[in-house]
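> Residue numbers (this note's numbering), protein chains in the order written: chain U, 1 to 228; chain F, 229 to 293; chain Z, 294 to 473; chain Y, 474 to 720. Before anything else, here's the structure in question.
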Amino acid sequence: MSAPSLPAFCLRLVRRQLVLAVRRPVEILNPLLFFAMVVALFPLGLGPDPKSLASFAAGTLWIIALLSNLLTSDTIFRGDYDDGSLEQLLLAPQPLYFSVLAYLGAHWLLTGVSLALISPLFALMLNLPLEALPALVASLLLGSGVMSLVGGVGAALTVGLKRGGMLISLLILPLYMPVLIFGSAAVRAAAQGFPAGPQLAILGAMFCLAIALAPLATAAGLRISIDA
Amino acid sequence: MYFHDLHSALHMDGHGAFVWAAYAITCVVLLLIVVAPLRRRRRLLREMSAEARRQRGVPTQGSEA
Amino acid sequence: MFGGLSFDICPGQLVQIEGANGAGKTSLLRILAGLSRYGFEGRVERHAPLLYLGHQPAVKAMLTPRENLAWHVAGEADFGAAAIDAALARVGLYGYEDVPSHALSAGQHRRVSLARLYLSNSPLWLLDEPFTAIDVDGVAALEERKAAHVAAGGAVVFTSHQPMRGNYNVRRLCLRRGLL
Amino acid sequence: MWTFFHKLGSPPWLYAISGSILKYLLPATLLALGVGMVWGLLFTPPDFRQGDSYRIIYIHVPAAAVALAGYYVMATAGAISLIWKMKMADIAMQCCAPIGAALTFVALVTGSIWGKPTWGTWWVWDARITSMLILLFLYLGVIALYEAYDNKAAAARACAVLSLVGTVNIPIIYKSVDWWYSLHQPASIKFTGESSIHPSMLYPLLLMIAAFYALFACALLLRMRAEILDRERRTGWVRKLLEADAV
């Protein structure tokens, strides 16, 4: 018998991650719940005036999405590090670059995509104009992909540490900033009736760059963490 | 020198406080990044020579007298 | 931790690494496996695919033994469901294939990961404390399996404090104060 | 070339050569800093628009330039330590971070102090200031990651990876912050163009930039020497050095 092909192995890894998540649905729901609760905080803090909420909505939604992504990124590798699965993955004959890509892809599907899909609901609660909804979903889809990939680097570098939770935010928040800038700008442009295409194109470019480079750094980080 | 006297140099048309404060803070930080490693090195040397002395043991004094 | 080590492991050898706690048994095994690549000076040459089983059994509580084992061997080849069930039966997990792993004991988790030994094609096995949490019958079966693998031209390196119970031809490496 | 590279990797050689370099470089640097500061503070004419507050430029711009360059030095050292497993590169990388963070801090504080008389507020979300702030975060992240690991060899490699990731990101961050600022820029705040700087102001600035680079080199070497001593304290050459020192 020969080793399975690379795509088959990666698909299998994604499927395993999804099965694991579905068996413990709280893990999928927690970031969404977090998103909903923080959305509720903003009117309480800023006042209920629909106009002022609408003017902040684009930035607010993006910051909350960023935070909920950040909170989940610590767990990407932690479970597998603790129970020894990660060692086995490192020893598998398949190149780690692609396994890592599969891991991060699964994380993106579970947090980023689900968040992007329900975000219109919360956008309406914050009085974001309807025209901006497609831009919001598209920018969150692309942006959360970048954030999952970059977050994977932070997760890989801190997975061996007992207290990684706070540290990972220090490491990756500065790297999230360009995503935030263009993501919220896309939504704001759409809300003001301008085309959001350029910003989305830049987010797409960032996504491509992250796909090419982030798994390299993540794989290196995992090898260091396993070795330490 | 551009300024006529010490007072005008300190005052700088009302901007003196800002300018001198900025220079003072900079000097302190620059001094710190130079002095900190020097102090650490001196402390290390002292530690290590103490360790070496411990390993050699207490010198036996007056054994020949 | 240790220095001046040099040895070859050839096909047909059963090697036991012994040593007190903290002597570096696990570290040595991880270096051999290629998990530790820094922090030591020297060279490890591997000419065969290897199978490494570490301290942790890598069993996911939310997956069944069948799913766990299928994932463990997924990198190697696509074994059918029948082969996986057969391997689970060999380690005494017949009838437990579909029970969620969190309902199983630590020894049974260990058995799930040891079931790989009945599937794997890798000639070189590196086993870290394989007998942990395994009962007497299990130990005997495992010893037999290792002997069979060695007889078939494979090689096994394992760490353990206890000598093997059965009468096998074992090469013993003793790590004592960093030396062999 | 290769023997030089090899020597660079040897702690005793680096310790000795850095000692003899520092003997001349450190006094020269301090002298240049002193001269530059006095020159900039007292011997240059004031800017016709900003008056005397522009004199902060002589510390702000060099600090910012060297802080940014320091990150690239750190990332380069990190890459060398990852690729060739060179212990000295490891040490250099780890020693860059606090110095770079300190210089970034200086740039931010002086920029903020400069902002008060010029713009009337202590802090402006100006593109350059914001980028410097993010640079400070990047430095602090590297330091925090290094401190979090117990195993210092692994810490150095983790920091090397992080600083390389940061290097890829710095241009992206700078460009995006720049774009973001130009989008939101309030019309009232405008920086005086520096391209038309008068030579009488330019020369002290160039001197200060050179002095800051030299200071970075000095601080880096000093830190590396201390770190080398600490890591190599059990080796023969350090023992010998101690004995020679004690006698």
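Positions of the beta carbon are idealized from the N, C-alpha and C atoms, including for glycine. Every value quoted in this text rests on a predicted model; they were computed, and no experiment measured them.
What do you get for U/P230, buried or exposed, if any count of 16 or more other CB atoms within 10 angstroms of its CB means buried?
This structure cannot speak to residue 230 of chain U, because chain U is shown only from 1 to 228.
> Closer than 7 Å between beta carbons: that is the criterion. Which residues of the region 688-707 of chain Y meet it against chain F?
Cβ contacts with chain F: L688, C691, A692, L695, R696, R698, A699, L702, D703, R706.
> In whole angstroms, give me the CA-to-CA distance for Z/S299 and Z/E311.
C-alpha separation (whole angstroms): 16 Å.
> Would DSSP call Z/A367 helix, strand or coil?
Of the three classes helix, strand and coil, the one that applies to Z/A367 here is coil, per DSSP.
> In angstroms, rounded to a whole number, what distance separates the CA positions of Z/K318 and Y/A687?
Distance between the alpha carbons of Z/K318 and Y/A687 is about 49 Å.
> How would you label Y/A627, buried or exposed, when you count the other beta carbons within 10 angstroms and need 16 or more for buried?
Buried, by the Cβ-count rule.
> Give a yes or no on whether the minimum CB-CB distance between Y/R630 and chain U is below 7 Å.
Closer than 7 Å: yes.
> Name the one or two DSSP bridge partners that Z/K418 has.
The residue you asked about is not Lys; residue 418 of chain Z is Trp in the sequence shown. BP columns for Z/W418 point to Z/L344, Z/V449.
> Candidates U/Q192, U/L11, U/R15, U/L167: which alpha carbon is nearest U/E131's?
Out of U/Q192, U/L11, U/R15, U/L167, U/Q192 has the C-alpha closest to the C-alpha of U/E131.
> For a contact meaning CB atoms closer than 7 Å, what does U/D227 contact in chain Y?
A627, listed in chain order.
> Rounded C-beta distance between Y/A550 and Y/A574? I'm assuming under 8 Å.
Rounded, the Cβ-Cβ distance is 15 Å, inconsistent with contact.
> Confirm, please, whether the CB-CB distance from U/A228 to U/G160 is below 7 Å.
Yes, the pair counts as a contact, with Cβ atoms nearer than the cut-off.
> Would you call the CB atoms of Y/I602 and F/V247 closer than 7 Å?
Not closer than 7 Å, so no.
> Residues in the same chain with beta-carbon distance under 8 Å from Z/V308, minus the five sequence neighbours each way, listed in chain order, please.
Here the set comprises I302, A448, V449, V450, F451, V463, R464, R465, L466.
> Between the region 141-159 of chain U and the region 196-215 of chain U, are three or more C-beta pairs nearer than 8 Å?
Taking 8 Å as the limit for Cβ pairs, the verdict is that the region 196-215 of chain U does touch the region 141-159 of chain U.
> Label Y/N642 either buried or exposed according to how many other C-beta atoms from any shown protein chain fall within 10 Å of its C-beta, with 16 as the threshold for buried.
So Y/N642 ends up on the buried side.
> With H, G and I counted as helix, E and B as strand and the rest as coil, what does DSSP make of Z/V308?
Strand, per DSSP.
> Give the residues of chain U in contact with Y/F610, contact being defined as C-beta atoms less than 8 Å apart.
The contacting residues are L170, L173, P174.
> Put F/E292 into one of helix, strand or coil per three-state DSSP.
Caution applies to F/E292, whose pLDDT of 44 falls short of 50 and renders its modelled position unreliable; the value that the coordinates give is listed next. Of the three classes helix, strand and coil, the one that applies to F/E292 here is coil, per DSSP.
> Does the Cβ of U/A116 have 16 or more other Cβ atoms within 10 Å, making it buried, or fewer, making it exposed?
Buried is the call here.
> For the alpha helix (DSSP H) containing Z/L466, list its first residue and its last residue.
Counting along the chain, Z/L466 falls outside any alpha helix (DSSP H), though it belongs to the beta strand (DSSP E) covering 464-468.
> So which residues on chain F does Y/S526 lean against when the C-beta distance must stay under 8 Å?
Within 8 Å Cβ-Cβ: M240, H243, F246, V247.
> Quick check on this structure: which residue in U/T218, U/F182, U/P43 has the alpha carbon closest to the alpha carbon of U/A201?
Selected option, being the one with the closest Cα: U/F182.
> Considering only residues of the region 552-587 of chain Y, which uninterrupted beta strand (DSSP E) runs meet the minimum length of 3 residues and lie entirely inside it, listed in chain order?
Complete beta strand (DSSP E) runs here, min 3: none at all.
> Using the beta-carbon count (16 or more within 10 Å), is Z/S398 buried or exposed?
Per the 10 Å Cβ criterion, exposed.
> Y/V597 touches chain U at which residues, Cβ-Cβ below 9 Å?
Correct list: empty, because the minimum Cβ distance to chain U is about 17 Å.
> Using a beta-carbon distance below 7 Å, is Y/W653 in contact with chain U?
Cβ-Cβ to chain U under 7 Å: yes for Y/W653.
> Would you mind stating whether Z/S406 and Z/P350 have Cβ atoms separated by less than 7 Å?
In contact: Z/S406 and Z/P350 (Cβ atoms closer than 7 Å).
> Go through its chain and collect everything with a Cβ distance to U/L174's Cβ below 7 Å, but skip five positions before and after it.
What sits at residue 174 of chain U in the sequence shown is Pro, not Leu. Within the same chain, U/P174 has no close Cβ partners at all.
> Within 7 Å of any Cβ in chain F, is that where the Cβ of Y/T594 sits?
Y/T594 does not count as touching chain F.
> Applying the 10 Å Cβ sphere with the 16-neighbour rule, what's the burial state of Y/I701?
Its Cβ being crowded by 16 or more others within 10 Å, Y/I701 is buried.
> Kindly give me the distance between the Cβ atoms of U/I63 and U/L180, rounded to whole angstroms, as I take these residues to be in contact under 8 Å.
The pair is a contact, with the Cβ atoms about 7 Å apart (cut-off 8 Å).
> For U/G105, count neighbouring Cβ atoms within 10 angstroms of its own Cβ and tell me buried if that reaches 16, exposed if not.
Looking at its Cβ environment, which holds 16 or more other Cβ atoms inside 10 Å, U/G105 is buried.
> Go ahead and pull the three-state DSSP assignment for Y/I662.
Any reading at Y/I662 must be qualified, since the residue scores a pLDDT of 42, below 50, and its modelled position is unreliable; the value itself is stated next. Y/I662: coil per DSSP, three-state reduction.
> Starting from the Cα of U/L113, find the closest Cα among U/I224, U/D80, U/P31 and give me that residue.
Before going on, a small fix: residue 113 of chain U reads as Val here, not Leu. Closest option to U/V113, Cα to Cα, is U/P31.
> U/T218: buried (16+ other C-beta within 10 angstroms of its C-beta) or exposed?
So U/T218 counts as buried.
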